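Counted from 1, the sequence shown has number 46 at position 46 by this note's numbering; the numbering is strictly sequential.
Before any comments, here is the structure.
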Amino acid sequence: MCGLEPMNSWNDMFTAMPNTTVHRYSSIYEHPSEIDLWSGGVSERPMAGSMLGPTFACIIAMQLSKNRRGDRFWYELPNQPSSFTPQQLAEIKKVKLSRIMCDNTDLIDSLQIYPMVLPDHIINPRVPCKAGIIPRMDLNKWTDFPLPNVESAPVVSNFADDFDVFFKRK
Numbered sequence: 001m002c003g004l005e006p007m008n009s010w011n012d013m014f015t016a017m018p019n020t021t022v023h024r025y026s027s028i029y030e031h032p033s034e035i036d037l038w039s040g041g042v043s044e045r046p047m048a049g050s051m052l053g054p055t056f057a058c059i060i061a062m063q064l065s066k067n068r069r070g071d072r073f074w075y076e077l078p079n080q081p082s083s084f085t086p087q088q089l090a091e092i093k094k095v096k097l098s099r100i101m102c103d104n105t106d107l108i109d110s111l112q113i114y115p116m117v118l119p120d121h122i123i124n125p126r127v128p129c130k131a132g133i134i135p136r137m138d139l140n141k142w143t144d145f146p147l148p149n150v151e152s153a154p155v156v157s158n159f160a161d162d163f164d165v166f167f168k169r170k
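Spelled out as C-alpha cells, the structure:
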C-alpha cells in the first residue's frame, strides 16, 4: 500500500520496533500478522522528524489525500464556482500560524516563525510581530466582481401579511 516491507517473521520486525517489543509480541502471538494494527502501529519507531511510525504515517497521509480529492469545497480544488484564483491561493499559502497569532493576540509582541516548534536562534528565531519578517496576506487579491445578471427572488414587502397568508389567517 505504501511500499512498506511486509513483516513475515519476527526477525523482520527488529528493523521497525525496539527489540523488547518484538520479544513481547513473539511471546503473545504465533506470527507477526496476528498483531493488531493499533498495537503494532504505536509500537513502531517514529520516522525521522515525526511522532509516527511508517504505518500510521502512511494511513494518515492516504486519508488526507482522499479527503482533499473527495471534498468539493477543498480550498485548492480548481474549476469550481467557489474556487480561489491562483493569486489568492498564493496568498493563502504564504500565511503562517505565527502571523495569525501575531495579528489576533494582544499579548504577543514577538514569536518564533514556526510557533509550534521550540525557538532556536538559528533555525526558528523569535522575531517581532511588527518587523515584517513574518509575511502578511495581501487582501487586495480578493476584489469584488459584479455578479452575472440573475433574476432576484421576490422581495417580501410586508412580512406580517405574508405570515398571515402562509397560515391562512385573515
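For each residue, glycine too, the CB sits at the ideal point set by N, CA and C.
Predicted model, so just to flag it, every value in this text is computed and none were measured.
Beta-carbon proximity of residue i to residue j, cut-off 8 Å
i, j, result
"residue 141", "residue 80", "no"
"residue 54", "residue 47", "yes"
"residue 111", "residue 129", "yes"
"residue 22", "residue 38", "no"
"residue 17", "residue 43", "yes"
"residue 139", "residue 115", "no"
"residue 127", "residue 113", "yes"
7 Å CB neighbourhood of residue i in its chain, flanking five on each side removed
i, result
"residue 41", "53, 55 and 56"
"residue 35", "25 and 29"
Residue i beta carbon near the ligand FMN (any heavy atom closer than 7 Å)
i, result
"residue 120", "The model depicted lacks the ligand FMN and carries no ligand whatsoever."
Backbone CA spacing between residue i and residue j [nearest angstrom]
i, j, result
"residue 7", "residue 65", "25 Å"
"residue 77", "residue 133", "30 Å"
"residue 72", "residue 91", "21 Å"
"residue 49", "residue 144", "42 Å"
"residue 51", "residue 45", "9 Å"
"residue 75", "residue 131", "29 Å"
"residue 70", "residue 59", "16 Å"
Segment limits, beta strand (DSSP E) that includes residue i
i, result
"residue 117", "No beta strand (DSSP E) holds residue 117; DSSP gives it neither H nor E."
Beta-bridge pairing of residue i - partner residues as DSSP gives them
i, result
"residue 127", "111"
Terminal residues of the alpha helix (DSSP H) in which residue i lies
i, result
"residue 37", "37-43"
"residue 87", "86-94"
"residue 100", "97-104"
"residue 10", "10-13"
"residue 23", "19-28"
"residue 143", "Unbroken run through residue 143: none, as it is neither H nor E."
"residue 16", "No alpha helix (DSSP H) holds residue 16; DSSP gives it neither H nor E."
"residue 134", "Here residue 134 belongs to no alpha helix (DSSP H), and DSSP marks it neither H nor E."
"residue 61", "54-70"
Cut-off 8 Å between Cβ atoms - residues of its own chain near residue i, not counting five sequence neighbours on either side
i, result
"residue 14", "22"
"residue 135", "94, 95, 96 and 99"
"residue 137", "91, 92, 94, 95 and 99"
"residue 171", "Any answer about residue 171 is impossible in this case: the structure gives the chain only from 1 up to 170."
Cutoff 6 Å; reference residue i; Cβ partners in own chain excluding five residues on either side
i, result
"residue 4", "54"
"residue 159", "A caution first: residue 159 carries a pLDDT of 45, below 50, which makes its placement in the model unreliable, though a value can still be read off. Answer for residue 159: no residue qualifies."
Residue-chain proximity (residue i, chain D), Cβ-Cβ < 8 Å
i, result
"residue 52", "Going by chain labels, chain D is absent from the structure shown, which holds only one protein chain."
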